[in-house]
Amino acid sequence: MRARTLGREAALKVLYQLDLRSDLDDGAIDELVEGLEVRPPDAAEFAKSLVRGVRRHQEAIDAELATVARNWTLERMAVIDRNILRIGAYELLHEPDIPAAVTIDEAVNMAKAYSTKDSGAFVNGILDRIHQRRATPAEAGEP
3 MRARTLGREA ALKVLYQLDL RSDLDDGAID ELVEGLEVRP PDAAEFAKSL VRGVRRHQEA
63 IDAELATVAR NWTLERMAVI DRNILRIGAY ELLHEPDIPA AVTIDEAVNM AKAYSTKDSG
123 AFVNGILDRI HQRRATPAEA GEP
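Numbered according to the numbering used here, the sequence shown spans residues 3 to 145.
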């Protein structure tokens with residue numbers, strides 16, 4: 003598996019823990035990632051970067067998700083789906099060097115692997131809406 007894929011999966015596991023445990027704060031990020039024994043080292047660093055980025059921009063990310071998630075509140079979403087979406091939204095909004103198609107594909111694959119049978123389509127739809135809202139006409143596939 004590629005380092006960034008491993009990093010995304012580790013970031014998901016850490017964000018899941020941070021979402022469920024109010025006794026953990028951002029100071030626990032390094033310890034949580036290191037506890038997962040993520041290899042290679044660049045995968046672990048990518049995981050830490052994603053978690054820090056999501057946490058730093060979480061209010062804006064959650065607002066964006068709430069805007070595009072028709073008929074869904076963040077609280078109603080499965081914890082796994084919510085955090086996969088946060089990672090994907092962070093990448094789409096704050097990591098311009100990562101192609102949107104890669105971000106969305108990786109998020110869909112995580113949803114299929116870690117969540118329900120319908121989660122892949124759910125994640126795809128929401129992240130695609132974010133991408134369409136932010137993309138230039140050429141990036142969105144328009145002439």
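The beta-carbon is built from N, C-alpha and C at its ideal position, and this holds for glycine as well.
Asked, Found
"Count the CB pairs spanning the region 69–86 and the region 117–131 that are closer than 8 Å, and state whether there are at least three.", "yes"
"Considering just the uninterrupted stretch of the alpha helix (DSSP H) at R57, what are its terminal residues?", "P43 to R58"
"Would you tell me roughly how many angstroms separate the C-alpha atoms of I132 and A49, rounded to the nearest one?", "22 Å"
"How would you label S121, buried or exposed, when you count the other beta carbons within 10 angstroms and need 16 or more for buried?", "buried"
"May I ask you to report which of helix, strand or coil DSSP gives R6?", "helix"
"Going by other Cβ atoms of all chains shown within 10 Å of its Cβ, with 16 needed for buried, is V104 buried or exposed?", "exposed"
"State the start and end residues of the unbroken alpha helix (DSSP H) segment that holds I86.", "V81 to H96"
"What is the residue span of the alpha helix (DSSP H) that D107 lies within?", "A102 to Y116"
"Along the chain, where does the alpha helix (DSSP H) containing E1 start, and where does it finish?", "Nothing in the structure corresponds to residue 1, since the chain is present only between 3 and 145."
"Take the Cβ of A45 as the centre, count every other Cβ of all protein chains shown within 10 Å, and call the residue buried at 16 or more, exposed below.", "buried"
"Can you tell me where the alpha helix (DSSP H) holding S121 begins and where it ends?", "S121 to R136"
"Just to confirm my understanding: we take D27, look at its own chain, exclude 5 residues before and 5 after, and list those with CB closer than 6 Å. What are they?", "none"
"By DSSP, does V70 sit in helix, in strand, or in coil?", "helix"
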